[in-house]
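Residue numbers (this note's numbering), protein chains in the order written: chain A, 57 to 406; chain B, 57 to 406. Even for Gly, the Cβ is constructed at its ideal location relative to N, Cα and C. If you're wondering where the values come from, they're calculated on a predicted model, not measured in any experiment. Working notes for the structure below.
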DNA sequence: GTTAGCACTCATTGAGAGCGAGTGCTAAAT
DNA sequence: ATTTAGCACTCGCTCTCAATGAGTGCTAAC
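See below:
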């Protein structure tokens, strides 16, 4: 009789099996599972009483919970964690799933933004959960070309094109002192010297390396500092693409208004969302319940998968649903979808 | 005893007064209002029985409804319409309201987009309803400058700067045949000839006026047509800014999940939203219930106010809430907020 | 024209009974 | 030493029923 190590004790094969069956059933039917239900499965040869004993043990070990004294069991957070880590069948990709991800390929998705948006929409459609794509941080991209286009004597638009074809722009106030010829020189210097530098590094690079050059070519250098700060000081902005924000409403565990409200509010106020779906690890990661370290997410699981460009992790595609998620289906789906995104992205840059 | 014309009949002063009091009360307490409640007001000198007679008449005239045979009255859609058109006290601006709209001025709002976003957020915060700002259609702005920046031998980014400082950009595929010098010529011609033309009109203008010029200066003119279409064919995109999307959940009439769901879904799928909050009229307009001509909005009112630039209507700021809205407060608020937005916008372009 | 009085309606609330799915425990069977 | 049958018990859910109370419409009197 083989056994697995987990925490303090061991689990017998039978316990493992019962735990798996119970969680599968609960995920499917969203109702506490009793001993009779489990014993009815044709591949189970034990009586309800035996199952009950095992269930009591599994509850003592912290894998299961009861909703009230005489109810069936539901998985605890620890139970889900164990299920995801040790009980998930090998991640075979269902054919039906790959069919759907191919949608992504056939749709005419010309630009990266559209790809992210499409991906989020498709993912939430398939799963009926809420999906979030964290787009690449444009400021990590490298400068290809910049330009300043005057609007009036005082105002101008600064435009930055990155190597990925992304365009950042901002309105700036021109210093009174500056002359058109100086502006032109400035832009030329920046383009010559700073091509290939990440947008976010532009400002510090200038401070370090280019002050001498500027002094030589540009009049009124002291005013220039303020201007350059205005031009190159970025506020971090990563773009989030959502799909199925209201899908939470169809999850039976959130039937109650007071329970969905914090969730939906959380989805709307995106400043915390970024942290939630950021992932430093490659591949698919699963965070269950309180592992997400946010009150509103305590009954949710977040699954992240990262996509890459030229082998570098640049963003994530995530799924948010109740802790009782269809992990089996969803993990493999996210895996293949993130790979598909990676492929498509690298096609763009050909 | 004076009277007002409305539909087929007349309403006595007393009826007008009772109707107003009832709607005020219902808006405040969200519960059917009975004759006793009305008669208790100190400025009412009649007994409940008299009120009942009047209420019965007002119901016959279609201004009021009952939820069941022995309930108090609630306003009908027609009732609200009459209330908004004839019973609203003169739109005096509450001091508390102006205080809040000044927030807009003090916040450092540098760009138009930020202004719209801020406005939507502030509006929904004050009112606890859902707000939507329909941004100006960038394609109606005039071309200030355009540029094509190559990314690779095949791909390039086209950038269009408008007179308002807005930047539109798109990735394009370069025709095989085109030479860098030709591309430069093309851009020069476009900038010389098309400055001041609305983006949306660029393509047709070229077809009409510039084909001869191109033939003279640019080789391989036949391929150029496809390329220009790709470059200048816009898909309409107007930007929507939301505030308080989940505020609907705190409205007592939408306590029920099945009732909010369609609403929230509607708010998410924005393609119909644009039509809902578009308004050709200047000033503040109110659409009540089914006047909005969308199933999901049948129990909602939409209040639109347009903001302008150089006297031209360019967008709207709107509020979506239950038909039982605090019209009094909200209409004057929207009026002043839209004016404030107009001021701020015109400050930008100085 | 106004109002007091009264019968009537209907949504809401709470108590109590019955049901059923589930448990834990004990003692017998394997 | 396991496994299982049997049984008492718990708890949530649903149904019914009666009481309550806010409201109405109508009629007859003021």
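{"Query": "7 Å Cβ cut-off: residues of chain B touching residue 301 (chain A)", "Result": "324"}
{"Query": "One or two residues paired with residue 224 (chain A) in a DSSP bridge", "Result": "A:216"}
{"Query": "Short Cβ contact (7 Å threshold) for residue 380 (chain B) with residue 83 (chain B)", "Result": "yes"}
{"Query": "Alpha carbon of residue 341 (chain A) to alpha carbon of residue 352 (chain A), nearest angstrom", "Result": "20 Å"}
{"Query": "Rounded separation between residue 140 (chain B) and residue 344 (chain B) - CA only", "Result": "10 Å"}
{"Query": "Stretch pair the segment 74-90 of chain B + the segment 114-133 of chain B: three plus CB contacts closer than 8 Å", "Result": "yes"}
{"Query": "Chain A contact for residue 317 (chain B) (CB, 7 Å cutoff)", "Result": "yes"}
{"Query": "Length of the line joining the Cα atoms of residue 173 (chain B) and residue 68 (chain B)", "Result": "46 Å"}
{"Query": "Under 7 Å between C-beta atoms of residue 176 (chain B) and residue 339 (chain B)", "Result": "no"}
{"Query": "Whole-angstrom distance between residue 132 (chain B) and residue 390 (chain B), CA atom to CA atom", "Result": "24 Å"}
{"Query": "Span separating the alpha-carbon of residue 120 (chain B) from that of residue 91 (chain B)", "Result": "13 Å"}
{"Query": "Contacts of residue 311 (chain B) in chain A (Cβ-Cβ under 9 Å)", "Result": "313"}
{"Query": "Assigned secondary structure, residue 197 (chain B) (DSSP; H/G/I helix, E/B strand, else coil)", "Result": "coil"}
{"Query": "Own chain partners of residue 350 (chain A) with C-beta closer than 8 Å, once the 5 adjacent residues on each side are dropped", "Result": "322, 328, 332"}
{"Query": "Continuous beta strand (DSSP E) assignments of at least 3 residues falling wholly in the segment 257-318 of chain B", "Result": "296-299"}
{"Query": "Residues from the segment 229-263 of chain B in contact with chain A, defined by Cβ distance under 7 Å", "Result": "none"}
{"Query": "Closest Cα partner of residue 234 (chain B) within the set B:247, B:249, B:279, B:97", "Result": "B:279"}
{"Query": "Segment contact flag, the segment 196-203 of chain A with the segment 260-271 of chain B, C-beta cutoff 8 Å, min 3 pairs", "Result": "no"}
{"Query": "N-terminal and C-terminal residue of the alpha helix (DSSP H) that residue 344 (chain B) is part of", "Result": "First-last for residue 344 (chain B): 340-344, but that is the beta strand (DSSP E), not the alpha helix (DSSP H)."}
{"Query": "Where residue 369 (chain B) falls: helix, strand or coil (DSSP)", "Result": "strand"}
{"Query": "Where residue 71 (chain A) sits in the DSSP three-state scheme", "Result": "helix"}
{"Query": "Beta-carbon proximity list for residue 108 (chain B), same chain, < 6 Å, skipping 5 on both sides", "Result": "91"}
{"Query": "Classification of residue 358 (chain A) by the beta-carbon crowding that lies within 10 angstroms, buried from 16 upward", "Result": "buried"}
{"Query": "For residue 252 (chain B), the three-state DSSP class (helix, strand or coil)", "Result": "coil"}
{"Query": "Pair within 7 Å by beta-carbon distance, residue 398 (chain B) and residue 363 (chain B)", "Result": "yes"}
{"Query": "Anticipated Cβ contact below 8 Å, residue 375 (chain A) with residue 183 (chain A), distance rounded", "Result": "6 Å"}
{"Query": "Cβ distance (whole Å) where residue 196 (chain A) is taken to contact residue 253 (chain A) below 8 Å", "Result": "Contact flag wrong, Cβ pair sits at about 11 Å."}
{"Query": "Interface partners of residue 321 (chain A) on chain B, CB under 8 Å", "Result": "302"}
{"Query": "Interface partners of residue 225 (chain A) on chain B, CB under 7 Å", "Result": "223"}
{"Query": "Residue burial classification, residue 301 (chain B) (beta-carbon count within 10 angstroms, cutoff 16)", "Result": "buried"}
{"Query": "Own chain partners of residue 64 (chain B) with C-beta closer than 6 Å, once the 5 adjacent residues on each side are dropped", "Result": "Low confidence applies here, because residue 64 (chain B) scores a pLDDT of 48, under 50, leaving its location unreliable; read the following figure in that light. Around residue 64 (chain B): no qualifying Cβ."}
{"Query": "Same chain, Cβ closer than 8 Å to residue 430 (chain A), neighbours up to 5 away in sequence not counted", "Result": "Residue 430 (chain A) lies beyond the stretch modelled for chain A, which goes from 57 to 406, so this question has no answer here."}
{"Query": "Buried or exposed (CB count within 10 angstroms, at least 16 for buried), residue 58 (chain A)", "Result": "Confidence in residue 58 (chain A) is poor, its pLDDT being 39 and thus under 50, which makes the residue's placement unreliable; the coordinate value appears in the next sentence. Per the 10 Å Cβ criterion, exposed."}
{"Query": "Length of the line joining the Cα atoms of residue 330 (chain B) and residue 85 (chain B)", "Result": "32 Å"}
{"Query": "Continuous alpha helix (DSSP H) assignments of at least 4 residues falling wholly in the segment 72-127 of chain A", "Result": "91-96, 104-116"}
{"Query": "Straight-line Cα distance separating residue 385 (chain A) from residue 219 (chain B)", "Result": "51 Å"}
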